[in-house]
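For the protein sequence lines, the chains are A and B, in the order given. Using my numbering, the letters of the first sequence correspond one by one to residues 22 to 194. Using my numbering, the letters of the second sequence correspond one by one to residues 1241 to 1389. Beta carbons are placed, not taken as given, at the ideal position from N, Cα and C, and that holds for glycine. Report on the following structure.
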Amino acid sequence: MTTIDLPPEIETVFRGFRTCEFSTLARDGTPVTWPTVARFQPEPAQFLITTSIGQAQKVFHIRRNPRVALLYSDPTASGLMSPPHVLVQGDAVAPDEIVTSVDAPEDYRVYLRDNIFRRQPASEAMSSNAVMRKLFDWYYMRLLILVTPRAILWWPAGDFAQAAHRLEVNHVG
Amino acid sequence: MWDKLTKSLAMFSSAVVTGTDAEGYPFSVRLTPRIDLARQVLHVELPNHVPIQPGPAGLLCHSHDEGLWNLKSFIVRGRLEHEANGWMFHPRQFIPGAGFGGLPGFMRWIMSCRRAARQYLEKRGLPRPTIPWKAIGALRAESKRSISP
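Structure (structure tokens):
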């Protein structure tokens, strides 16, 4: 089990930012980074990310190399003024199980409800009628990615010229 | 590739540059690259304390609005090199993401995702799952009612 004694301003970033920049490593070692929605779960400390089987490249990367990073550097829509920018480095797992139910697992249900549906109301268009449902059914065939952090670094006010504050993450048990 | 990159980069005020650290983990910073037209490279000012190693690297620009919509993004694959006059990003491949290519680009994206999903299922011998649209609708309705952090 992973525990983190997280400064409140960092947890506020994890909860408030709409997206993070999620990096995985391609076969040739090139970091590939795309904007992604991640949900922080404090106990045990993990980040839940999901992707469709129609956009599974990051999952293929993780299955070859679990090293990943999440950078929180775009506060748009968070309501936060000059928040720190936060980098999470960690190890990810991405089981080969396609999730279509929105009722379980519970963490996924909450992720979908709070982080996607509530924050991205216009995405309702993807299930608004029969044609859209046919076009976008792949979107709801999801793979779950769980990231266990190993280090969290942050730069107050997003000032990368300063040395980062660093928090090593304890793995217990 | 270079023209697309410079034109697209001009739409954003900053970019996320990612390399790897000595332990092989990705390490990202947000900065504003400077375009070197003559050499067709990007100058990136990585502070000394940033432990990125020379080697394969990526660059991402993205944006969204207050409703997490009007998404726009692209990535560039390349290499970071530490040269006499600082860090340089050598671009190799431009990959458009959301919001590039207009409606034809959007339709191509949908079709490529549908194709990739079909291939994912075929490779595993799985039937196309049924999507619980009614439950999705109910969860959407719940999202409009409930408030939690």
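Name the residue from 148(A), 119(A), 157(A), 151(A) whose alpha carbon lies nearest to the alpha carbon of residue 1346(B). Looking up residue 1346(B) in the second sequence gives position 106. When the alpha-carbon of residue 1346(B) is set against those of 148(A), 119(A), 157(A), 151(A), the nearest one is in 157(A).
What residues in the region 81 to 103 of chain A bring their beta carbon closer than 9 Å to a beta carbon of chain B? 86, 88, 89, 90, 91, 92, 94, 95, 97, 98
Leaving out five residues on either side along the sequence, give the residues of the same chain with a beta carbon under 7 Å from the beta carbon of residue 56(A). Indexing the first sequence from 1 puts residue 56(A) at position 35. So the list reads 40, 42, once near-sequence residues are dropped.
Interface flag, residue 35(A) vs chain D, CB-CB below 7 Å: Protein chains A and B are contained in the structure displayed, whereas chain D is not.
Can you tell me which of the three DSSP states residue 1375(B) falls into? Sequence index remark: in the second sequence, residue 1375(B) carries index 135 (1-based). Of the three classes helix, strand and coil, the one that applies to residue 1375(B) here is helix, per DSSP.
If I follow the unbroken alpha helix (DSSP H) through residue 1318(B), where does it start and stop? The sequence position of residue 1318(B) within the second sequence is 78, counting from 1. It is not in any alpha helix (DSSP H) - residue 1318(B) instead sits in the beta strand (DSSP E) that spans 1312 to 1323.
Look at residue 1357(B) and residue 70(A) and say whether their C-beta atoms are less than 7 Å apart. As a first step, residue 1357(B) is located in the second sequence; it is residue number 117 there, counting from the start. As a first step, residue 70(A) is located in the first sequence; it is residue number 49 there, counting from the start. In this structure, residue 70(A) does not lie closer than 7 Å to residue 1357(B) by Cβ.
What are the residues of the region 155 to 178 of chain A that lie near chain B, defined by any Cβ-Cβ distance shorter than 7 Å? 156, 158, 159, 161, 162
Which chain B residues sit within Cβ distance under 9 Å of residue 110(A)? In the first sequence, the residue the question calls residue 110(A) occupies position 89. Neighbours of residue 110(A) on chain B, chain order: 1261, 1263, 1265, 1266, 1267.
7 Å is my cut-off, CB to CB: does residue 138(A) come that close to chain B? Translated into positions along the first sequence, residue 138(A) becomes position 117. Output row for residue 138(A): interface = yes.
Can you tell which of 1299(B), 1249(B), 1374(B), 1267(B) has the C-alpha that lies nearest to the C-alpha of residue 109(A)? Walking along the first sequence from the start, residue 109(A) turns up at place 88. Ranking the options by Cα distance to residue 109(A), first place goes to 1267(B).
Can you tell me whether residue 67(A) is helix, strand or coil according to DSSP? If you number the first sequence from 1, residue 67(A) lands on position 46. Residue 67(A): strand per DSSP, three-state reduction.
Residue 1299(B): which of 1272(B), 1262(B), 1369(B) sits nearest, CA to CA? Along the second sequence, one-based indexing puts residue 1299(B) at 59. Cα-wise, what sits closest to residue 1299(B) is 1272(B).
Enclosing beta strand (DSSP E) for residue 93(A) [first to last residue]: One-based indexing of the first sequence puts residue 93(A) at position 72. Counting along the chain, the beta strand (DSSP E) containing residue 93(A) begins and ends at 88 to 93.
Range covered by the alpha helix (DSSP H) that runs through residue 189(A): If you number the first sequence from 1, residue 189(A) lands on position 168. That residue, residue 189(A), is in no alpha helix (DSSP H); its beta strand (DSSP E) goes 186 to 189.
Pair every Cβ in the region 1249 to 1256 of chain B with every Cβ in the region 45 to 53 of chain A, then say whether three or more of these pairs are closer than 8 Å. no
Extent of the continuous beta strand (DSSP E) to which residue 76(A) belongs: Position 55 of the first sequence, counted from the first residue, corresponds to residue 76(A). Looking at the DSSP string, residue 76(A) is not in any beta strand (DSSP E), and its letter there is neither H nor E.
Residue 1343(B), buried or exposed, once every other Cβ within 10 Å from all chains shown has been counted against 16: Numbered from 1 along the second sequence, position 103 holds the residue referred to as residue 1343(B). The residue in question, residue 1343(B), is exposed, as its Cβ has fewer than 16 Cβ neighbours within 10 Å.
Alpha carbon to alpha carbon, what distance is there between residue 1303(B) and residue 1309(B)? Translated into positions along the second sequence, residue 1309(B) becomes position 69. Translated into positions along the second sequence, residue 1303(B) becomes position 63. Roughly 9 Å separates the two Cα atoms.
Quick check: the region 137 to 155 of chain A against the region 82 to 90 of chain A, are there 3 or more CB pairs under 8 Å? no
What are the start and end residues of each continuous alpha helix (DSSP H) run of 4 or more residues lying completely inside the region 115 to 139 of chain A, in chain order? 127 to 131
Simplified DSSP state of residue 1248(B), which is helix, strand or coil: In the second sequence, counting from the first residue as 1, residue 1248(B) sits at position 8. Helix at residue 1248(B).
Could you work out which residues of chain B lie near residue 76(A), taking near to mean beta carbons separated by less than 8 Å? As a working mapping, residue 76(A) is identified with position 55 in the first sequence. Simply 1353, 1356.
If I'm right that residue 190(A) touches residue 90(A) with Cβ under 8 Å, what's the distance once you round it to whole angstroms? As a working note, residue 190(A) is residue 169 in the first sequence. As a working note, residue 90(A) is residue 69 in the first sequence. With a Cβ gap of about 13 Å, residue 190(A) and residue 90(A) do not count as contacting.
Compare the C-alpha of residue 1390(B) against each of 1288(B), 1296(B), 1270(B), 1323(B) and name the closest. Given that chain B is displayed from residue 1241 to residue 1389, the structure contains no residue 1390(B) and the question cannot be resolved.
Name the one or two DSSP bridge partners that residue 112(A) has. Taking the first sequence and counting its residues from 1, the one referred to as residue 112(A) is at position 91. The partner list for residue 112(A) (beta bridge, DSSP) reads 88(A), 169(A).
Does residue 134(A) come within less than 7 Å of chain B when only Cβ atoms are used? As a position in the first sequence, residue 134(A) is number 113, starting the count at 1. Judged by the 7 Å Cβ criterion, residue 134(A) is in contact with chain B.
Is any beta-carbon of chain A found at less than 7 Å from that of residue 1389(B)? Within the second sequence, numbered from 1, the residue matching residue 1389(B) stands at position 149. Model confidence at residue 1389(B) stands at a pLDDT of 48, short of 50, so the residue's coordinates are unreliable and nothing is read from them.
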